[in-house]
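Residue numbers (UniProt numbering): 1 to 148. Idealized CB from N, CA, C, for every residue including glycine. These notes are about the structure you will find just below.
Below is the structure:
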């Protein structure tokens with residue numbers, strides 16, 4: 001990977017029936033390591049409502065952040081929190097996603113992959129890694145009933 005490669009993070013809500021109310025979930029990127037967010041990224045240190053699939057309340061643009069590394073992309077990371085301010089029983093989940101991990105996860109053949117599960121049960125959150133034309137891509141999906 002070159003110095004100009006971008007590490008992209010996106011977050012959304014699946015809003016599965018029986019899961020937490022996905023249209024009320026929020027994400028906040030609280031820290032980035034070894035780089036700066038590129039123009040066109042969503043805000044840092046600001047709670048952003050997670051969109052749900054088309055046709056459901058809350059549908060909107062997918063929050064996405066583009067981290068341009070200071071030097072080696074594998075030394076970059078995002079720290080984010082998924083929460084539901086309207087539901088005090090919803091467990092806030094803090095996740096740190098390292099580019100070095102995303103690169104390893106993305107290298108596994110698609111049919112052999114396991115998603116990274118951050119929270120199970122009715123408050124499910126999982127992540128999916130891939131490598132795109134411009135660099136590493138990681139997508140966090142919340143509001144999933146029993147993620148697999």
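Measuring C-alpha to C-alpha distances from residue 53 to each of 104, 109, 12, 138 identifies 12 as the nearest. Taken atom to atom, the span from the alpha-carbon of residue 127 to that of residue 67 is near 17 Å. DSSP, read as helix, strand or coil, puts residue 48 in strand.
Exposure of residue 146 is indicated by the presence of fewer than 16 other C-beta atoms within 10 angstroms of its C-beta. Pairing residue 19 with residue 120 gives a Cβ-Cβ distance that is not under 8 Å. From the listed residues 77, 94, 105, the smallest Cα separation to residue 84 is found for 94. Annotation: the continuous beta strand (DSSP E) that includes residue 8 extends over 6 to 13. The region 28 to 46 and the region 67 to 80 touch, with no fewer than 3 CB-CB distances between them shorter than 8 Å. Per the Cβ contact rule, the region 107 to 114 is not in contact with the region 133 to 141 (fewer than 3 Cβ pairs under 8 Å).
Distance from residue 86 to residue 24 at the Cβ level is roughly 5 Å; contact confirmed, criterion being Cβ atoms closer than 8 Å.
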